[in-house]
Structure formats: C-alpha cells, structure tokens
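For the sequence shown, my numbering gives the first residue as 128, with consecutive numbering after it. Quick reminder that beta carbons are idealized off the backbone N, C-alpha and C, glycines included. Owing to the predicted nature of the structure, the values given are computational and were not obtained by experimental measurement.
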Amino acid sequence: MRIAIYPGSFDPPTNGHIDIIGRARQVFDRVVVAVLRNPRKDPMFSVAARLEMLEEAIGEDEGVQVVAFDGLLVDAAREHEAHAIIRGLRAISDFEHEFQMALMNRQLDDQVETLFMVPHAAYTYLSSSLIKEVAGLGGSVSDLVPAGVELRLREHHGK
Ligand code: PNS
Numbered sequence: 128m129r130i131a132i133y134p135g136s137f138d139p140p141t142n143g144h145i146d147i148i149g150r151a152r153q154v155f156d157r158v159v160v161a162v163l164r165n166p167r168k169d170p171m172f173s174v175a176a177r178l179e180m181l182e183e184a185i186g187e188d189e190g191v192q193v194v195a196f197d198g199l200l201v202d203a204a205r206e207h208e209a210h211a212i213i214r215g216l217r218a219i220s221d222f223e224h225e226f227q228m229a230l231m232n233r234q235l236d237d238q239v240e241t242l243f244m245v246p247h248a249a250y251t252y253l254s255s256s257l258i259k260e261v262a263g264l265g266g267s268v269s270d271l272v273p274a275g276v277e278l279r280l281r282e283h284h285g286k
C-alpha cells in the first residue's frame, strides 16, 4: 500500500490544498492529511474546525484520512506508515523554505521521501494568509475556498 502524508497548517484550507489532495490520491492509495496543532502560531481556526473544514471539502473518500499532529512531521509520517511527504509548490518563492524542510526531514529520517506537487494554475497564487486578509477586509473568496470555509470565514468576521 502506497501511503503519503500531506502536512500543513490549513488555517484555513483553500481550493489549492483540496486540489493537491486530489492529485496525491491519483498517485497514492492512502493520503493522510495532517493538520499541525501550531503551538507557535496563533491560528484563526481551532484544530477541530480545521479538521472539520477539510473533511467536509474532501467528502466521501476512504483513501483520505484527516488527522492532527504535534511534534516532528517525520514522527507523524512513521506513525501513519507514510513513505512520502507531499508538499504543494506554487512558485519559486516557495522553493527555498520547502527545500530546507525537505532536506531537514531527510536528515531526520531518510526513509521518508518528500514529493512536490504543483496545483492547478488557477490556484498558484493562493495562500491561507492572503485568504484571511481578503475575507477580513470584506472581499469575496468564494472561488478560492470550499463553501464550508467561506461560511466559517464569514462567521468569524460576524457577517
Ligand atoms: O502549511 P504550512 O504552515 O506551510 O506547513 C508547515 C508544516 C506543518 C509542514 C511544518 O511546519 C512542519 O512540518 N512542522 C512540524 C515540525 C517539524 O517537523 N519541523 C522540522 C521539519 S523542517
């Protein structure tokens, strides 16, 4: 069984994340979407809300499991028997940080391989922080995030 872990903050999930999950599923039998509990960041959404938004957006797919994780990603990968870490690569600007993380993860565990996947061109400029900024200023993000995420962003901003 080919298993991959797709880690992230997902605060909140965007259509770009959902697109990558779909692409990863074309290649892997099981994709474990792993939400970082973010001890050092100050997330807009609770872990429970992020898990719920992901589950809603993914829908029925027994090959996708949504979990939360703390600590090292390589430990979560081992726990879920994943041999690959999936990361979305949007632009050159992502590359340096992603390259560092991939090599650090290899240093920590060379049994797990990092694979970069490119989202649909329509989502290459998307990021969760931009979504939060635009939604917070009253702009429409309806084409950019799943419906449940848009709803929760509205609720968060009391609209
Ligand atoms: O969506 P993000 O915020 O870009 O995801 C970052 C994430 C969760 C992949 C990264 O912060 C991570 O793997 N954190 C776990 C801690 C860890 O393993 N650090 C060392 C690896 S570089």
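- Distance from the CA of phenylalanine 137 to the CA of arginine 164, rounded to the nearest whole angstrom, comes to 10 Å.
- Neighbourhood of ligand 1, defined by CB distance below 6 Å to any of its heavy atoms: Pro134, Gly135, Ser136, Leu163, Leu199, Leu200, Met228, Met231, Asn232, in chain order.
- Looking at the DSSP output, phenylalanine 226 sits in no beta bridge, so it has no partner there.
- In this structure, proline 246 lies near arginine 217, with their beta-carbon atoms less than 9 Å apart.
- Here the C-alpha atom of histidine 207 lies approximately 13 Å from the C-alpha atom of glutamine 238.
- The three-state reading of DSSP puts alanine 195 in strand, counting E and B together.
- Residue state for glycine 266 is assigned as coil, using DSSP reduced to three classes.
- Separation of aspartate 202 and tyrosine 250 (C-alpha to C-alpha, rounded to the nearest whole angstrom) is 30 Å.
- Rounded to the nearest whole angstrom, the CA to CA distance from leucine 264 to alanine 184 is 24 Å.
- Around the beta carbon of arginine 129, a 10 Å sphere encloses fewer than 16 other beta carbons of the protein chains shown; the residue is thus reported as exposed.
- Shortest Cα-Cα distance from glutamine 192 to any of Arg152, His224, Leu278 involves Arg152.
- For leucine 181, the closest C-alpha among the options Gly143, Gln227, Leu235 is that of Gly143.
- When the five nearest sequence neighbours on each side are left out, the beta carbons in the same chain lying within less than 7 Å of the beta carbon of leucine 271 are those of Thr141, Asn142, Leu253, Ile258, in order along the chain.
- If you compare the alpha carbons of Pro170, Ala229, Glu277, Arg167 with that of tyrosine 133, the shortest gap goes to Ala229.
- In the DSSP assignment, the residues bridged to proline 134 are Ala161.
- Around the Cβ of alanine 161, a 10 Å sphere holds 16 or more other Cβ atoms; the residue is buried.
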